[in-house]
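Report on one structure; see the data block that follows.
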Amino acid sequence: MSTKITTQHNPMALALVIVIVIMSGCCIMNGAEALTQPSVDEEMSRLLGKCDLQSDEFDYCMKDVFNDLRAYFPTGIPQYNVKPFDPHHASFIELRRGNQNGFGFKLILRNVSEYGWTQSEVTKFHTDFEQKRIIYSQYFPEKSLNGWYEFSGIIFGTPIKRSGFWNMTLYDYSQTTSVRRLGEPGSLLKIHVEVDRIGGMKMHVGDVLAPGRAQLDNVSDGVINSAWPLGLPFIKPIINELVSTAFTDIFNESFRHFPLDRFLR
């Protein structure tokens, strides 16, 4: 039995495409006001030095350290080139997909900001010494994003161009992140992120039904916010891929050369 998909589904399809990119956190963090500390080295030694690599409690200790470090999320650690995490800022993000079976697009997001990292919590932490890898799970009670989008492509055989302002808030959101060192200290980091749960979502996408007809935004927002759970199982692998790519860039930019061995004992 086949199901015919009409252009009435276009708002949902377009919204899901945008959601994929937005949730990925695909962003390059810009500078922020530095956090002033009497001695960053002393603070890092105090936090990380309490975790004994030889102890069976090492993973539990590191989970607590990760949560203690949330105080640095809004400011970063400029002394070690660690940039701010809350908020993220990105001036330009682009995603392309080729035309396959009547579906292809180019999506550009501009001036994107993402908030909520300071309220997040690491709930699990595991060290895999043989694979030079750590795996941790993280919970966000709320994460919000906003910016501008430009979309062009073919959705179910119909050419479409849209642009406007968007914002989104995710509730009860969790993900698991794997960070693996590909070689010796200072070598590249490889990140894999798996979205575990999205408990709720509210999203607004301006001009998604028709350019310049803002009165239709309430209709499209209603479709998006009621229908997104139906498409999530199908787009989740793409979300994971994009999140992983984005976080690989972020972690290499800020943590590739962080001298962790200096503080652990």
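Using the numbering used here, you'd call the opening residue of the sequence shown number 854 and step up by one each time.
We put the CB at the ideal spot given by N, CA and C, even for glycine.
Which whole-angstrom value describes the C-beta separation of residue i and residue j, a residue pair presumed to lie in contact below a C-beta threshold of 8 Å?
i, j, result
"Lys1014", "Ser1027", "The Cβ separation is near 35 Å, so there is no contact."
"Asp939", "Phe926", "4 Å"
"Asn964", "Gly1000", "5 Å"
"Asn1078", "Met1054", "7 Å"
Note down the Cα distance separating residue i from residue j, rounded to an integer number of angstroms.
i, j, result
"Leu906", "Leu998", "37 Å"
"Leu1042", "Leu1062", "41 Å"
"Ser1033", "Lys985", "Reading off the sequence shown, one finds Arg at residue 1033, where the question assumed Ser. Between Arg1033 and Lys985, the C-alpha separation is close to 6 Å."
"Cys914", "Leu1085", "34 Å"
"Tyr933", "Glu895", "14 Å"
"Ser892", "Lys959", "46 Å"
"Asp1102", "Phe978", "21 Å"
"Gly957", "Lys903", "52 Å"
"Thr928", "Phe1087", "36 Å"
"Asn1071", "Trp1081", "16 Å"
"Leu1069", "Phe1009", "21 Å"
"Ala943", "Arg1050", "24 Å"
"Thr1011", "Ser1073", "18 Å"
Under the three-state reduction of DSSP, which class applies to residue i: helix, strand or coil?
i, result
"Gln907", "coil"
"Leu948", "strand"
"Thr928", "coil"
"Leu1062", "coil"
"Asn1071", "helix"
"Ser1097", "helix"
"Gly878", "For Gly878, the predicted structure reports a pLDDT of 38, less than 50, and the residue's modelled location is therefore unreliable. A value from the coordinates is still provided. It is coil, neither helix nor strand."
"Pro940", "coil"
What span of residues does the alpha helix (DSSP H) with residue i cover, start to end?
i, result
"Val965", "Note, Val965: premise wrong, no alpha helix (DSSP H); beta strand (DSSP E) at Phe956 to Tyr968."
"Asp1025", "Premise fails: Asp1025 lies in the beta strand (DSSP E), Thr1011 to Arg1034, not in any alpha helix (DSSP H)."
"Glu896", "Val893 to Leu901"
Which stretch, first to last residue, makes up the beta strand (DSSP E) that contains residue i?
i, result
"Arg1050", "Leu1042 to Val1058"
"Arg986", "Arg986 to Ile1008"
"Asp981", "Glu974 to Asp981"
Compare the beta carbon distance of residue i and residue j with 7 Å and say whether it is the shorter of the two.
i, j, result
"Ile804", "Glu1003", "For residue 804 there is no data in the structure shown, the boundaries of the chain being 854 and 1118."
"Ile1044", "Phe1108", "no"
"Val1046", "Ser990", "no"
"Val1058", "Trp1019", "yes"
"His840", "Glu967", "Summary: the structure shown does not reach residue 840, with the chain confined to residues 854 through 1118, and so no result is reported for it."
"Pro937", "Gln972", "no"
"Thr976", "Ile987", "no"
"Lys996", "Leu1035", "no"
Would you say residue i lies against chain D (beta-carbon separation less than 7 Å)?
i, result
"Ser966", "The structure shown has no chain D; it contains just one protein chain."
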